[in-house]
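Asker:
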Amino acid sequence: MNKSELIEALAEELKVPLRDASSAATTILDAMADALANGESIEIRGFGSFVVKEYGSYYGRNPKTGEKIKVKPKKLPFFKVGKELKEQVNNPAK
Amino acid sequence: MKRSNLTRKELAQLINEKIGFSQRSAGELVDTVFDVLKKTLLKGDSIKLVQFGTFTVRNKSSRVGRNPRTGETMEISKRNMVSFRPSKVVRERLNSE
Chain A
1 MNKSELIEAL AEELKVPLRD ASSAATTILD AMADALANGE SIEIRGFGSF VVKEYGSYYG
61 RNPKTGEKIK VKPKKLPFFK VGKELKEQVN NPAK
Chain B
95 MKRSNLTRKE LAQLINEKIG FSQRSAGELV DTVFDVLKKT LLKGDSIKLV QFGTFTVRNK
155 SSRVGRNPRT GETMEISKRN MVSFRPSKVV RERLNSE
């Protein structure tokens, strides 16, 4: 599924014009992307949460050449699946 | 310093302010968005949202694990899990300051 398919599904479920579904999806996704980009967390009940983790710098190796390289400190968002979704994804029958 | 946390409530407020949906239908809308995403993942499909990131359902096969407390070996059954990879834009913005 991509964004336009999400918008179509939304418009159909809510019986709203595509234009409204589209601006709503954009508003939500932008707000979520902004939150992560600012290092903030997101928590959606029943779905999951996103938390930004910080890594210090470390020495890694280029797996192809074996060369040692220094990896700079970085931040990376992590998604933790919500309990409900986690259970359902393992019991597709329900 | 308290880190802010984005929830359903703030998203609904944004929809209300920006698009003019009533508080109530804005809340419904946010719920529907995550319902649709959930249903898609439950079908086993992945979701690619270019500006935000990609969700995929991964099938993990069963493996032999160990109870770290007792040292006992046991089989961990096969399972599905949802993984998320943030988009390049998000990763770059996060590390740009």
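If you're matching them up, the sequences are chains A and B in order. At position 34 of the first sequence (counting the first as 1) the number is 34 in my numbering, and the numbers step up by one without a gap. Each position in the second sequence, counted from 1, maps to that position plus 94 in my numbering. For glycine and all other residues, C-beta sits at the position ideal for the given N, C-alpha and C.
1) Taking the alpha-carbon of L6(A) as reference, which of E169(B), T126(B), S98(B) and V184(B) has the nearest alpha-carbon?
2) I'd like to know whether the C-beta of N174(B) is nearer than 9 Å to at least one C-beta of chain A.
3) Compare the C-beta of N161(B) against all C-beta atoms of chain A and say whether one is closer than 9 Å.
4) Contact defined as beta carbons within less than 8 Å: I believe F78(A) pairs with F128(B). What is the distance between those atoms, to the nearest angstrom?
5) Three Cβ pairs or more, each shorter than 8 Å: is that satisfied between the region 7 to 15 of chain A and the region 95 to 114 of chain B?
6) If L85(A) and V176(B) are in contact, beta carbons under 8 Å, what's the gap, nearest whole angstrom?
7) Between which two residues does the beta strand (DSSP E) harbouring T148(B) extend?
8) Any idea what DSSP makes of R61(A), helix, strand or coil?
9) Using only alpha-carbon positions, find the residue among E54(A), K74(A) and F50(A) that is nearest to E178(B).
10) Could you spell out where the alpha helix (DSSP H) holding G121(B) opens and where it closes?
11) Starting from K53(A) and walking both ways along the alpha helix (DSSP H), at which residues does that stretch end?
12) Under the assumption that L123(B) contacts A31(A) (Cβ atoms under 8 Å), give the Cβ distance between them as a whole number of angstroms.
13) So, helix, strand or coil for E104(B), using DSSP?
14) Which two residues bound the contiguous alpha helix (DSSP H) that contains M1(A)?
Answerer: Quick look at the numbers:
1) T126(B)
2) yes
3) no
4) With a Cβ gap of about 18 Å, F78(A) and F128(B) do not count as contacting.
5) no
6) 7 Å
7) G147 to K154
8) strand
9) As written in the sequence, residue 178(B) is Phe, which differs from the Glu given in the question. For F178(B), the nearest C-alpha among the options comes from F50(A).
10) Q117 to L136
11) Unbroken run through K53(A) is the beta strand (DSSP E), G48 to Y55; no alpha helix (DSSP H).
12) At roughly 13 Å, the Cβ-Cβ gap does not stay under 8 Å, so L123(B) and A31(A) are not in contact.
13) helix
14) That residue, M1(A), is in no alpha helix (DSSP H); it is neither H nor E in DSSP.
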